[in-house]
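Engineer:
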Amino acid sequence: MKLRYAGTCSRCGAELAAGELADYDRTSRSVACVSCGPRRGLDGPAEASEPPRRAMAAESAPLLEAVDGTAGGSAKQEYERRHDARQERVQAAHPRIGKFLLAVFDDPQTTTAWASGAMGEERLGDMLAEVAGPSLRVLHDRQVPGTKANIDHLVVCPSGVFVVDAKRYRGQRPELRIEGGIIRPREELLIIGGRNRTPLVDGMHKQVGLVRQVLADEPEVPVRGVLCFVEADWPLIGGAFTVQGVNVLWMKKLKALLAEPGPLGPDEIAELQWRLHEALPRKV
């Protein structure tokens, strides 16, 4: 990893400059030269060289690139896995006409949905790469611990942390529907193409809750959820809205939202990106 600040090699004692590549030990929070391997005694166990290992201060955590991870990586991988498995099944079941059947009949929707999702994530990832830098850092395709689920995108910028889920509903219009409010409780629903898609909002609440747990000791840092619809049918005027506290918008609108000023500076943004990287590793 690239170091945010200068440090000292825990193995040989050499000075390491800020921005230099170094090995980082999470347990001891220490750094070492990339080329400096651990010394070993005659009986095998590694021995620390002098001077003794020095624990790094939290602010000396390694510096990630402005964009960490691959947008749509796990969705694309899942599509390829399902596609290849179907190819093998069909050709095994129909040795003579298997290739013909595969040429005539497309993959089922449950398979192509992964390819479509990956494409939406990749397009959103390209946009985020254009605006990424010291004051806007991105993490793509993060593993949710203990599950097979992932978080599409995490963006850390001056106004806080944004949990962004890319959705690709071509030609369909997202809308806010309000039900109840007099006899029964008021309820906000997410409607897409005339169908109730409010479970997407519920899923975003879970992702936002997870990120807030990771940053539990930073309660002053806002964490907001965003459903970003790629290729949806948005009206010429207006269109973006909030449903149950979750922003629903398109890529250009998201770009403007992320550009809003806030209290976080480049060093704080880099530190938050590293903490999220540690707690939510890349899925692919």
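Take the sequence shown: its position 115, counting from 1, is numbered 107 in my numbering, and each next residue is one higher.
Where a beta carbon is used, it is the ideal one built from N, C-alpha and C, also for glycine.
Since the model is a prediction, treat every value here as computed from it, not as a measurement.
#1: Which residues bound the alpha helix (DSSP H) around His197?
#2: Once DSSP output is grouped into helix, strand and coil, what is the label at Glu179?
#3: Measuring CA to CA, which of Gly5, Leu131, Leu228 is closest to Leu272?
#4: Determine the direct distance from the alpha carbon of His75 to that of Lys91, and round the result to whole angstroms.
#5: Cβ of Val136 within 8 angstroms of Cβ of Leu146?
#6: Going straight from the alpha carbon of Ser22 to that of Leu207, what length do you get?
#7: Cα-Cα, which of Gly(-1), Gly138, Ala14 is closest to Glu7?
#8: Do Arg165 and Trp226 have their C-beta atoms closer together than 8 angstroms?
#9: Any chance you could list the beta strand (DSSP E) runs of at least 3 consecutive residues sitting entirely within the segment 77 to 157, in chain order?
#10: Over what stretch of residues does the alpha helix (DSSP H) that includes Leu241 continue unbroken?
#11: Return the chain-ordered list of same chain residues with a C-beta closer than 7 angstroms to the C-beta of Ala110, the five sequence neighbours on each side being excluded.
#12: Below 7 angstroms CB to CB, which residues in the same chain sit around Ser127 once its five sequence neighbours on both sides are set aside?
#13: Determine the direct distance from the alpha carbon of Cys1 to that of Cys25, and round the result to whole angstroms.
#14: Can you look up Asp60 in the DSSP assignment and give me helix, strand or coil?
#15: Give every residue of the same chain whose Cβ lies closer than 6 angstroms to the Cβ of Val193, excluding the five residues on either side of it in the sequence, and list them in chain order.
#16: What are the boundary residues of the beta strand (DSSP E) that includes Glu210?
#17: What separation, rounded to the nearest whole angstrom, lies between the Cα atoms of Val82 and Glu263?
#18: Would you report the Cα separation of Arg176 and Arg169, rounded to the nearest angstrom?
#19: Residues in its own chain within less than 6 angstroms of Pro214 by CB, not counting five upstream and five downstream?
#20: With the cut-off set at 8 angstroms, would you say Asp157 and Met119 are in Cβ contact?
#21: Between the Cα of Arg160 and those of Val123, Ala248, Ile184, spot the shortest distance and give me the residue it belongs to.
#22: Can you name the start and end residues of the alpha helix (DSSP H) that Pro214 belongs to?
#23: If distances are taken between C-alpha atoms only, which option among Cys4, Arg3, His269, Gly61 comes closest to Glu278?
#24: For Pro37 and Gly5, I'd like the C-alpha separation in whole angstroms.
#25: Could you spell out where the beta strand (DSSP E) holding Pro166 opens and where it closes?
#26: Nearest to Ala77 by CA position, among Ala121, Pro100, Arg88, is which residue?
#27: Hey, how far is the Cα of Ala9 from the Cα of Asp144?
#28: Work out the CA separation of Ala85 and Arg187 for me, nearest whole Å.
#29: CB Val240 to CB Asp133, shorter than 8 angstroms?
#30: Could you tell me if Val203 is buried or exposed, where buried requires 16 or more neighbouring beta carbons within 10 angstroms of its beta carbon?
Structural biologist: Taking the structure as given:
#1: 191 to 206
#2: strand
#3: Leu131
#4: 14 angstroms
#5: no
#6: 22 angstroms
#7: Gly(-1)
#8: yes
#9: 129 to 135, 142 to 149
#10: Careful: Leu241 lies outside any alpha helix (DSSP H), inside the beta strand (DSSP E) at 238 to 241.
#11: Gly64, Ala67, Lys68, Tyr71
#12: Cys149, Pro150, Pro258, Ile261
#13: 6 angstroms
#14: strand
#15: Leu182, Val235, Gln236, Val238
#16: Run containing Glu210: none; DSSP gives neither H nor E here.
#17: 50 angstroms
#18: 15 angstroms
#19: Gly152
#20: no
#21: Ile184
#22: Run containing Pro214: none; DSSP gives neither H nor E here.
#23: The structure shown has nothing for residue 278, since the chain only spans -7 to 276.
#24: Note that Pro37 scores 43 on pLDDT, short of 50, meaning its location in the model is unreliable; the coordinates nonetheless yield the value given after this. Pro37 and Gly5: Cα-Cα distance of roughly 20 angstroms.
#25: 166 to 171
#26: Pro100
#27: 33 angstroms
#28: 37 angstroms
#29: no
#30: buried
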